[in-house]
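Chemist:
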Amino acid sequence: MYNDFFNNRLSRNSPSFSVAIAPPFRIRIRRLLSLTCPLRLFSSQHDEESGQRLCHSSAMILSNFQAQRPLRVISILAVLGCLWLWLITFHNSSFTSGAISSEVPLHGAPKSEPQQPKPINNDDQNVDHSVPAGSGPDAPTVNTPPPATNQPAEHEKPPVKKTSRVAKVTVAANALDVDVIHRAMQTHERHNREHGYDHYIAQNQAVSSLIENDRAGRPKGAWTKPAYLLSIIVAELEKPEEERLKWVFWFDADTVVMNPYTPLELFLPPENAKGLSNVDLIISSNWDGLNSGVFAFRVSPWSASFLSAVLAYPIYNSERMKTDRFRDQSAFQFLLTDKASPLAQTPMAGRDHWVDVPIRWFNSLPVNNAFFKNGTWLFGKPMVEEQFDKGTNEVYNDGHGGKVQKWKVMQGDMIVHFAGTSYVRDSWMGPWVTRAEQELPEWANKTTKDVLKVEVDKFWNEQNKKLTKERAASAIEEEKKKKEQEKKDKEEKERKEREKKEREAKKKKEKEEQERKAKEEVRVGGH
0 MYNDFFNNRL SRNSPSFSVA IAPPFRIRIR RLLSLTCPLR LFSSQHDEES
50 GQRLCHSSAM ILSNFQAQRP LRVISILAVL GCLWLWLITF HNSSFTSGAI
100 SSEVPLHGAP KSEPQQPKPI NNDDQNVDHS VPAGSGPDAP TVNTPPPATN
150 QPAEHEKPPV KKTSRVAKVT VAANALDVDV IHRAMQTHER HNREHGYDHY
200 IAQNQAVSSL IENDRAGRPK GAWTKPAYLL SIIVAELEKP EEERLKWVFW
250 FDADTVVMNP YTPLELFLPP ENAKGLSNVD LIISSNWDGL NSGVFAFRVS
300 PWSASFLSAV LAYPIYNSER MKTDRFRDQS AFQFLLTDKA SPLAQTPMAG
350 RDHWVDVPIR WFNSLPVNNA FFKNGTWLFG KPMVEEQFDK GTNEVYNDGH
400 GGKVQKWKVM QGDMIVHFAG TSYVRDSWMG PWVTRAEQEL PEWANKTTKD
450 VLKVEVDKFW NEQNKKLTKE RAASAIEEEK KKKEQEKKDK EEKERKEREK
500 KEREAKKKKE KEEQERKAKE EVRVGGH
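Sequential numbering of the sequence shown, starting at 0, is according to numbering that gives the first Met the number 0.
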């Protein structure tokens, strides 16, 4: 109604308007009237009719005024003053119960205490929040959200970002000031915000040369990894169980989050699977064996014990360290797979405590093969455009025939890991970080986790059956060994008892012989 009024009375085609008011004033006054006379400001028919009359009169005065410029200006200011006084008076008047207040408090309490609204269940999608815009049966309705208040109703709680009981850990010793590493960590921060993860990042070396004694002269910091992880897990174990983290994921500083919508919890073994109750470590492997660039530990005493063994590896295996290709990764490999490992002497050789999971879950690599057919290392040189993988079955021609490897990154994968690129890191990581920052829909999407869940559930279901079967077989074997040991112990005990009796009988016989000789000597001496 009011828009039509303004269009008719203040039309550019009106001769009186075009003569009386210059174009700049014309536009401003029209806007002013449209702002001061909308229907939503009136709470009763009386107020509405008064507003209509005032707006109509104001427009008539302005549109028909033909005075000279000084008087025009004074008259315009007078009209504006009248409007302002009327608005102040109207604003301070009480509204009827059907009114909609347009005032929303920003910071602190409003000047006058508003009436507390009836609590509204915002979770109920069927609630109709339509309210009358005016009075009377023909009053129009507008759909608005529930009224805003400073304090929620007593039973309502403000939304709080949940913090996951899964956390991340990274050591970036002397590397966070490197641009590409800093940007890589920012992709993790995006992931952390999405799912509520705490991310513990160590920036300094934390162990001495007693352990950090790499003879190859590689950058220090590798052994700070198990030390920092161990400190976090031990600190969590000191908390009440209901307050502590459940799992911690390790991520090397050269990892980039490509899909922030994939949650880490997706990859964890289900808690209700009895066969998986002892699983404390999930890790993956590539052509070099187990890869310690990304893995997850359950917060448990076993994890603390294992990390203690990893941290001490350079001390008790110093000779082996001379020929190891890797550092902490070699310690993982030895402890988990070598027959000389202390774990090899435990039931199931410790296999019930760790699982080798598909590498693309959280540790994809940016290449299909790290070596050309002739043995040349791809990461020995800066990346060229043809090697910037598209995340499809199309692979770089490295001479291996184009077979897609299980570790090659694909679109939708959560992580890409640049293991081994340290000397040409920027050329390999830079383009990937830029791609991650763009969050392209083929890479950063919410549908991949649904496909992954099917794969993950199937994997853990199979592992549950496998480990349950292995554990049962191991229990039988352990029971057999136990009985054999008990038999050996019994035989050994019986042997020792026989030997003891024989020794005692021998001593008794010797004593009797000595006594007999002594008596004989006394008898002979007496004669």
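C-beta: ideal position from N, C-alpha, C; glycine also.
(1) Quick one: grab the DSSP three-state call for F266.
(2) In three-state terms, what does DSSP make of W353?
(3) Which residue from D488, W431, D279 and V170 puts its Cα closest to that of H352?
(4) Less than 8 Å between the CB atoms is what I'm expecting for T186 and A435, so what's the real figure, rounded?
(5) What separation, rounded to the nearest whole angstrom, lies between the Cα atoms of V179 and G195?
(6) Might you give, ordered along the chain, the residues of its own chain that have their beta carbon closer than 6 Å to the beta carbon of E102, omitting 5 neighbours on each side?
(7) Taking the C-alpha atoms as reference points, what is the distance between H181 and G429?
(8) Helix or strand or just coil, what does DSSP make of R326?
(9) What is the rounded straight-line gap between the Cα of A21 and the Cα of I73?
(10) Report the rounded CA-to-CA distance for A147 versus E193, giving the unit in angstroms.
(11) Closest by CA to M413, which one among I314, P365, F370 and L289?
(12) Going by beta-carbon coordinates alone, are F535 and S302 separated by less than 8 Å?
(13) Expressed to the nearest angstrom, what Euclidean distance is found between the alpha-carbon atoms of Q65 and L82?
(14) Does the separation of the CB atoms of K405 and I358 fall below 8 Å?
(15) Please report the straight-line C-alpha distance between E461 and V354, rounded to a whole angstrom.
(16) From R515 to A339, what does the alpha carbon distance come to, in whole angstroms?
(17) Excluding sequence positions up to five away, which residues of its chain have a Cβ less than 8 Å from the Cβ of R497?
(18) Ignore the nearest five residues each way along the sequence and tell me which others in L229's own chain have a CB closer than 8 Å to its CB.
(19) Below 7 Å CB to CB, which residues in the same chain sit around F417 once its five sequence neighbours on both sides are set aside?
(20) D488 by DSSP, collapsed to three states: which one?
(21) May I ask which residues mark the beginning and end of the alpha helix (DSSP H) holding T433?
(22) Please confirm whether L236 and V298 have their CB atoms less than 8 Å apart.
(23) How big is the Cα-Cα spacing for E512 and K500?
(24) Who are the Cβ neighbours of L377 in its own chain at under 6 Å, not counting the five residues just before and after it?
(25) Assuming L267 and L466 are in contact, meaning their beta carbons sit under 8 Å apart, how far apart are those beta carbons, in whole angstroms?
(26) Using DSSP with H/G/I as helix, E/B as strand and the rest coil, what is W301?
(27) What whole-angstrom Cβ distance do A330 and D337 have, given they're in contact under 8 Å?
(28) If you compare alpha carbons, which of I314, T345, P300 and L289 is closest to F325?
(29) Rounded to whole angstroms, what is the Cα-Cα separation between I475 and K372?
(30) Does the beta-carbon of S363 have 16 or more other beta-carbons within 10 angstroms, so that it is buried, or is it exposed?
(31) Evaluate R494 with the Cβ neighbour count: other Cβ atoms within 10 Å of its Cβ, from every protein chain shown; 16 or more gives buried, anything less gives exposed.
(32) Nearest-angstrom Cα distance between A171 and D251?
(33) My assumption, with CB atoms under 8 Å, is that M257 sits in contact with V356. Please give the rounded CB distance.
(34) To the nearest angstrom, how far is the alpha carbon of V394 from that of V408?
(35) Using the Cβ count rule (16 or more neighbours within 10 Å means buried), how would you classify S421?
(36) Using the C-alpha atoms, what's the distance from K518 back to E503?
Modeler: According to the structure data:
(1) Here residue 266 corresponds to residue number 267 of the sequence shown, with the count starting at 1. Looking at F266 - three-state DSSP - the assignment turns out to be helix.
(2) Your numbering for residue 353 matches position 354 in the sequence shown. Here W353 carries a strand assignment [DSSP, helix/strand/coil].
(3) Residue numbering aside, residue 352 sits at position 353 when the sequence shown is read from its first letter. Closest option to H352, Cα to Cα, is D279.
(4) On the sequence shown, residue 186 is found 187 positions in, with the first residue counted as 1. On the sequence shown, residue 435 is found 436 positions in, with the first residue counted as 1. With a Cβ gap of about 5 Å, T186 and A435 count as contacting.
(5) As a first step, residue 179 must be located in the sequence shown, where it is residue number 180. As a first step, residue 195 must be located in the sequence shown, where it is residue number 196. If you take the alpha carbons of V179 and G195, they lie about 24 Å apart.
(6) The residue you call residue 102 lines up with position 103 of the sequence shown. Note that E102 has pLDDT 34, beneath the 50 cutoff, so the model's placement of it is unreliable and the number below is only indicative. Same-chain partners within the cutoff: there are none.
(7) In the sequence shown, the residue the question calls residue 181 occupies position 182. In the sequence shown, the residue the question calls residue 429 occupies position 430. Looking at the two C-alpha atoms, the distance is approximately 11 Å.
(8) If you number the sequence shown from 1, residue 326 lands on position 327. Correct three-state label for R326: coil.
(9) Within the sequence shown, numbered from 1, the residue matching residue 21 stands at position 22. Within the sequence shown, numbered from 1, the residue matching residue 73 stands at position 74. Residue placement at A21 is flagged as unreliable, the pLDDT there being 41, under the threshold of 50; a coordinate-derived value is accordingly withheld.
(10) Start at 1 with the first residue of the sequence shown, and residue 147 comes out as number 148. Start at 1 with the first residue of the sequence shown, and residue 193 comes out as number 194. Confidence is the limiting factor: at A147 the pLDDT is only 35, short of 50, which leaves the residue's position unreliable and the question unanswerable from this model.
(11) Residue numbering aside, residue 413 sits at position 414 when the sequence shown is read from its first letter. For the options I314, P365, F370 and L289, the alpha carbon positioned closest to that of M413 is the one of P365.
(12) Not covered by the structure: residue 535. The range shown for the chain is 0 to 526.
(13) Here residue 65 refers to the residue found at position 66 of the sequence shown. Here residue 82 refers to the residue found at position 83 of the sequence shown. With a pLDDT of only 47 at Q65, under the threshold of 50, the placement of this residue in the model should not be trusted; the figure read from the coordinates follows. Rounded to whole angstroms, Q65 to L82 spans 21 Å at the Cα level.
(14) Here residue 405 is taken as the residue at index 406 of the sequence shown, counted from 1. Here residue 358 is taken as the residue at index 359 of the sequence shown, counted from 1. For K405 and I358, yes; Cβs fall inside 8 Å.
(15) Reading the sequence shown from its first residue, position 462 is the one you call residue 461. Reading the sequence shown from its first residue, position 355 is the one you call residue 354. Rounded to whole angstroms, E461 to V354 spans 12 Å at the Cα level.
(16) Numbered from its first residue, the sequence shown carries residue 515 at position 516. Numbered from its first residue, the sequence shown carries residue 339 at position 340. If I take the Cα positions, the gap works out to 60 Å.
(17) By one-based count along the sequence shown, residue 497 stands at place 498. For R497, same chain residues with a beta-carbon under 8 Å away, outside a window of 5 residues either side, do not exist.
(18) Reading the sequence shown from its first residue, position 230 is the one you call residue 229. Closer than 8 Å at the Cβ level, and outside the excluded window around L229, lie A303, L306, S307 and L310.
(19) Residue numbering aside, residue 417 sits at position 418 when the sequence shown is read from its first letter. D253, P365, R424, W427 and M428.
(20) By one-based count along the sequence shown, residue 488 stands at place 489. In the structure shown, D488 adopts helical secondary structure according to DSSP, grouped into three states.
(21) As a working note, residue 433 is residue 434 in the sequence shown. It spans R424 to Q437 - the alpha helix (DSSP H) in which T433 sits, taken as one unbroken run.
(22) The residue labelled residue 236 in the question sits at position 237 within the sequence shown. The residue labelled residue 298 in the question sits at position 299 within the sequence shown. Yes.
(23) Numbered from 1 along the sequence shown, position 513 holds the residue referred to as residue 512. Numbered from 1 along the sequence shown, position 501 holds the residue referred to as residue 500. Taking the straight line joining both Cα atoms gives about 18 Å.
(24) Within the sequence shown, residue 377 is the residue found at index 378, counting from 1. Taking L377 as the centre and dropping the five residues before and after it, the same chain places the C-beta of V366 and A369 closer than 6 Å to its C-beta, in chain order.
(25) On the sequence shown, position 268 is the one that residue 267 refers to. On the sequence shown, position 467 is the one that residue 466 refers to. The beta-carbon separation of L267 and L466, rounded to 15 Å, does not stay under the 8 Å limit for a contact.
(26) Along the sequence shown, one-based indexing puts residue 301 at 302. DSSP, read as helix, strand or coil, puts W301 in helix.
(27) As a first step, residue 330 must be located in the sequence shown, where it is residue number 331. As a first step, residue 337 must be located in the sequence shown, where it is residue number 338. In fact, because the Cβ distance is near 10 Å, the residues do not count as touching under 8 Å.
(28) Within the sequence shown, numbered from 1, the residue matching residue 325 stands at position 326. If we check each option's Cα against that of F325, L289 comes out closest.
(29) Position 476 of the sequence shown, counted from the first residue, corresponds to residue 475. Position 373 of the sequence shown, counted from the first residue, corresponds to residue 372. Just so you know, the alpha carbons of I475 and K372 end up roughly 47 Å apart.
(30) Position 364 of the sequence shown, counted from the first residue, corresponds to residue 363. Flag for S363 reads buried.
(31) As a first step, residue 494 is located in the sequence shown; it is residue number 495 there, counting from the start. Note on R494: under 16 other CB atoms within 10 angstroms of its CB, so exposed under the neighbour-count rule.
(32) Translated into the one-based positions of the sequence shown, residue 171 becomes position 172. Translated into the one-based positions of the sequence shown, residue 251 becomes position 252. Computed Cα separation, rounded: 8 Å.
(33) Counted from its first residue, the sequence shown places residue 257 at position 258. Counted from its first residue, the sequence shown places residue 356 at position 357. Not confirmed; about 18 Å, so no contact.
(34) As a working mapping, residue 394 is identified with position 395 in the sequence shown. As a working mapping, residue 408 is identified with position 409 in the sequence shown. Between V394 and V408, the C-alpha separation is close to 10 Å.
(35) If you number the sequence shown from 1, residue 421 lands on position 422. By the C-beta density criterion, S421 is exposed, having fewer than 16 other C-beta atoms within 10 angstroms.
(36) Here the question's residue 503 lines up with position 504 in the sequence shown. Here the question's residue 518 lines up with position 519 in the sequence shown. Whole-angstrom Cα-Cα distance: 22 Å.
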